[in-house]
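Number of protein chains: 2
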Amino acid sequence: MVRKTKEDAELTRKRIINSARAVFLSRGVSRSTLEHIATHAEVTRGAVYWHFKNKTEIYQAIREQVFLPLIDRMDDSLTLASNEDPLTQIENSLCQTIDDLNNNLEMRQMYEIMMIKCEYVDEFASVPQEILSNCSSIISKIKHVYERAESQGILAVKLSPIDLALDTHLFFSGLLHLWVKDTDGSMFRHQAKELIKAHINLRRKI
Amino acid sequence: MVRKTKEDAELTRKRIINSARAVFLSRGVSRSTLEHIATHAEVTRGAVYWHFKNKTEIYQAIREQVFLPLIDRMDDSLTLASNEDPLTQIENSLCQTIDDLNNNLEMRQMYEIMMIKCEYVDEFASVPQEILSNCSSIISKIKHVYERAESQGILAVKLSPIDLALDTHLFFSGLLHLWVKDTDGSMFRHQAKELIKAHINLRRKI
DNA sequence: TTGCTTACATACAAATTTGTATGTATATTA
DNA sequence: TAATATACATACAAATTTGTATGTAAGCAA
């Protein structure tokens, strides 16, 4: 009973991707076998090899499915005009990411895999550099928003927009890392948005 | 030519540990074989198995060798009385860690392994929880220093000490993660201390 | 409806990796 | 100085994992 229709094939491809995310999450990328993934997806390794060249290609597929849209959204929320004041715009953009993490299982799993279930060597060695380069663009976008805040005179502090942007991005990077590790939510997840608000209020006049 | 003296044996044990750190760093923990480690240390797997039960035990040995002293030192620099003002004390404590990373190869390697060369599953699944618990104690120590700063009236901002401490810790966590990834130093390593100073100056009156 | 291609399943061979068992020469100790 | 324990090296067996090769039934185009 083989040879499914094209729609069926696309379904099994998605089942394989979803299974891979679950398997990566529970066993780590390195210890995950194509056999594990296939079993979880209720297919054989043959099916996996038909859709993907190897484990690396599956990982890339997962990453693109979740990560690229996220970066776009973060870009938009910082770049697009808004009727909020600039500081609130930064706050909302960060809070939006936290909301996404809470609401989107796939995104949550992918973040956990990327942060504590993957070793960045060999074919993954370039990922940290890519992350750094994403940082650059995000920091520069935050900087622009801080520049608008400065020109509107709503900043209570004397740091330059670039220093404020760097500080905010480092804060948020740390928050995301600890958010992911805080799986039971008792330390950071339950107060993530309050931490963001406090961080922004720190620089708001009055 | 076997059966070395006790001192010789201790030397080979240390050679194995140092080799393991180098191998973990270049191949990731999961893909590192006891054969890789043994070859790098110029011994056989027999020697490795004599000194350690398995790869996990080697990892633990590396971790304790580097990580525990660091936590102690960070604790001390925040707890012990100082003739600096509280904000400078926090600044110095964070800068000291950056100095340590720059000067201590073993510490630098271990941080890189822990952050981007290790998958926290199975026998390592409890490590993120341990990290979180370390966070708690560090945050509470930073909070105490901020309380002293507040009572001395040198704070320019209206956040509570606990919120300031959380913000500082998240900032520093993010900085460490990006410091590690920034291997060529162009983005964060070269200005890490300036970022710390900016972060502290943000809360300093005048 | 024939023929070709798709979407897999099954089978096989090779390479890795692990743990353990065993050998052995030399420190160390009594 | 004899006995014993140490600090390894070597050898072996078993289990995993990978890629590929081959089989096959059903969809699809002509």
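Residue numbers (the working numbering), protein chains in the order written: chain A, 832 to 1037; chain D, 832 to 1037. Backbone N, C-alpha and C fix where the C-beta goes; we use that ideal spot for every residue, glycine too.
Would you call Glu950 (chain D) buried or exposed, if buried means 16 or more other Cβ atoms sit within 10 Å of its Cβ? Numbered from 1 along the second sequence, position 119 holds the residue referred to as residue 950 (chain D). Buried, since its Cβ has 16 or more Cβ neighbours within 10 Å.
How about Arg858 (chain D) and His867 (chain D): are their beta carbons less than 8 Å apart? Counting from one through the second sequence, the residue named residue 858 (chain D) turns up at place 27. Counting from one through the second sequence, the residue named residue 867 (chain D) turns up at place 36. Cβ atoms of Arg858 (chain D) and His867 (chain D): closer than 8 Å.
Please identify the residue among A:Ile962, A:Glu922, A:Gly1016, A:Gln927 whose C-alpha is closest to the C-alpha of Ala980 (chain A). Within the first sequence, numbered from 1, the residue matching residue 980 (chain A) stands at position 149. Nearest option by C-alpha distance: A:Glu922.
Minimum Cβ-Cβ distance from Tyr880 (chain A) to chain D less than 8 Å: For the purposes of this step, residue 880 (chain A) is taken as the residue at position 49 of the first sequence. No, because no Cβ of chain D sits closer than 8 Å to the Cβ of Tyr880 (chain A).
Assigned secondary structure, Arg862 (chain A) (DSSP; H/G/I helix, E/B strand, else coil): Taking the first residue of the first sequence as position 1, residue 862 (chain A) is located at position 31. Coil at Arg862 (chain A), not helix or strand.
Quick one: Cα of Gln940 (chain A) to Cα of Val879 (chain D), how far? In the first sequence, the residue the question calls residue 940 (chain A) occupies position 109. In the second sequence, the residue the question calls residue 879 (chain D) occupies position 48. Near 36 Å, if we compare the C-alpha coordinates of Val879 (chain D) and Gln940 (chain A).
8 Å Cβ cut-off: residues of chain D touching Cys966 (chain A): Locating residue 966 (chain A) in the first sequence gives position 135, counting from the first residue. Under the 8 Å cutoff, chain D gives Leu1009, Met1018.
Against Phe1045 (chain A), what residues of chain D qualify as contacts under a CB-to-CB distance less than 9 Å, listed in chain order? Absent from the structure is residue 1045 (chain A), since the part of chain A shown begins at 832 and ends at 1037.
Please compile the residues from chain D whose C-beta is within a distance smaller than 8 Å of the C-beta of Tyr951 (chain A). Position 120 of the first sequence holds residue 951 (chain A). By Cβ distance, chain D contributes Gly859, Ile947, Lys948.
Cβ distance (whole Å) where Ala840 (chain D) is taken to contact Ile889 (chain D) below 8 Å: As a working mapping, residue 840 (chain D) is identified with position 9 in the second sequence. As a working mapping, residue 889 (chain D) is identified with position 58 in the second sequence. Not really, about 16 Å apart at Cβ, beyond 8 Å.
Using alpha carbons as the reference points, say which of D:Ile929, D:Glu895, D:Gln896 lies closest to Arg1020 (chain D). Working through the second sequence from its first residue, we reach residue 1020 (chain D) at position 189. Among D:Ile929, D:Glu895, D:Gln896, the Cα nearest to that of Arg1020 (chain D) belongs to D:Ile929.
Whose CA, out of A:Asp1013, A:Leu899, A:Val1011, A:Lys989, lies closest to the CA of Ile1037 (chain D)? For the purposes of this step, residue 1037 (chain D) is taken as residue 206 along the second sequence, with counting starting at 1. Nearest C-alpha to Ile1037 (chain D): A:Lys989.
When DSSP labels each residue in this structure, what does Arg979 (chain A) get in the three-state scheme? Reading the first sequence from its first residue, position 148 is the one you call residue 979 (chain A). It is helical.
Which of helix, strand or coil does DSSP assign to Arg1034 (chain D)? Counting from one through the second sequence, the residue named residue 1034 (chain D) turns up at place 203. Coil.
Tell me whether Leu986 (chain A) sits in a helix, a strand or coil according to DSSP, three-state version. Mapped onto the first sequence, residue 986 (chain A) falls at position 155. Reduced to three states, the DSSP call for Leu986 (chain A) is strand.
Given that Arg862 (chain A) touches chain D, what residues does it touch there, using C-beta distances under 8 Å? Sequence index remark: in the first sequence, residue 862 (chain A) carries index 31 (1-based). Those within 8 Å of Arg862 (chain A) in chain D are Ser861, Glu950, Val952, Asp953.
Closer than 8 Å by beta-carbon distance: list the chain A residues that pair up with Met854 (chain D), in chain order. Translated into the one-based positions of the second sequence, residue 854 (chain D) becomes position 23. Reading off the sequence, residue 854 (chain D) comes out as Val, not Met. Within 8 Å Cβ-Cβ: nothing; Val854 (chain D) doesn't reach chain A, min ~11 Å.
Quick check on Lys1024 (chain A) - is its C-beta less than 8 Å from some C-beta in chain D? Indexing the first sequence from 1 puts residue 1024 (chain A) at position 193. No, Lys1024 (chain A) does not count as interfacial toward chain D.
Considering only C-alpha positions, which residue in the set D:Ala1029, D:Arg862, D:Ser957 is nearest to Ser991 (chain A)? Locating residue 991 (chain A) in the first sequence gives position 160, counting from the first residue. Taking only the C-alpha atoms, the option nearest Ser991 (chain A) is D:Ala1029.
For Val874 (chain A) and Met945 (chain A), I'd like the C-alpha separation in whole angstroms. Walking along the first sequence from the start, residue 874 (chain A) turns up at place 43. Walking along the first sequence from the start, residue 945 (chain A) turns up at place 114. Going from the Cα of Val874 (chain A) to the Cα of Met945 (chain A) covers about 25 Å.
Could you check the C-alpha separation between Leu996 (chain D) and Asp1013 (chain A) for me, to the nearest Å? Sequence index remark: in the second sequence, residue 996 (chain D) carries index 165 (1-based). Sequence index remark: in the first sequence, residue 1013 (chain A) carries index 182 (1-based). For the record, residue 996 (chain D) in the displayed sequence is Ala; it is not Leu. Taking the straight line joining both Cα atoms gives about 18 Å.
What residues of chain A sit near Val988 (chain D), judged by a beta carbon separation below 7 Å? Taking the second sequence and counting its residues from 1, one reaches residue 988 (chain D) at position 157. Those are Leu1033, listed as they occur along chain A.
Are Val854 (chain A) and Ser863 (chain A) closer than 8 Å when you measure CB to CB? What you label residue 854 (chain A) is simply residue 23 of the first sequence in a count that begins at 1. What you label residue 863 (chain A) is simply residue 32 of the first sequence in a count that begins at 1. Yes.
Could you tell me if Thr836 (chain D) is buried or exposed, where buried requires 16 or more neighbouring beta carbons within 10 angstroms of its beta carbon? Translated into positions along the second sequence, residue 836 (chain D) becomes position 5. By the neighbour-count rule (16 or more Cβ atoms within 10 Å), Thr836 (chain D) is not buried but exposed.
Can you tell me the Cβ-Cβ gap for Lys886 (chain D) and Leu865 (chain D), rounded? I've got them flagged as a contact below 8 Å. Locating residue 886 (chain D) in the second sequence gives position 55, counting from the first residue. Locating residue 865 (chain D) in the second sequence gives position 34, counting from the first residue. Indeed they touch by this definition, with Cβ atoms about 6 Å apart.
Can you give the beta carbon distance from Leu1001 (chain D) to Leu1006 (chain A), rounded, assuming they're within the 8 Å contact cut? One-based indexing of the second sequence puts residue 1001 (chain D) at position 170. One-based indexing of the first sequence puts residue 1006 (chain A) at position 175. Confirmed, about 5 Å.
Does Leu963 (chain A) have its Cβ less than 8 Å from a Cβ in chain D? As a first step, residue 963 (chain A) must be located in the first sequence, where it is residue number 132. Leu963 (chain A) belongs to the set of residues whose beta carbon lies under 8 Å from a beta carbon in chain D.
The region 904-919 of chain A / the region 900-911 of chain D touching (three or more Cβ pairs under 8 Å): no
Does the beta carbon of Ala1029 (chain D) sit closer than 8 Å to a beta carbon anywhere in chain A? Taking the first residue of the second sequence as position 1, residue 1029 (chain D) is located at position 198. By this cut-off, Ala1029 (chain D) is an interface position.
Using a Cβ-Cβ cut-off of 8 Å, state whether Leu997 (chain D) counts as contacting chain A. Here residue 997 (chain D) refers to the residue found at position 166 of the second sequence. Chain A contact via Cβ: present.
Could you check whether the Cβ of Lys1012 (chain D) sits closer than 8 Å to any Cβ belonging to chain A? Counted from its first residue, the second sequence places residue 1012 (chain D) at position 181. Closer than 8 Å to some Cβ of chain A, the Cβ of Lys1012 (chain D) qualifies, so yes.
List, in order along the chain, the chain D residues whose C-beta lies closer than 7 Å to that of Pro959 (chain A)? If you number the first sequence from 1, residue 959 (chain A) lands on position 128. Here the neighbours are Ile947, Lys1012.
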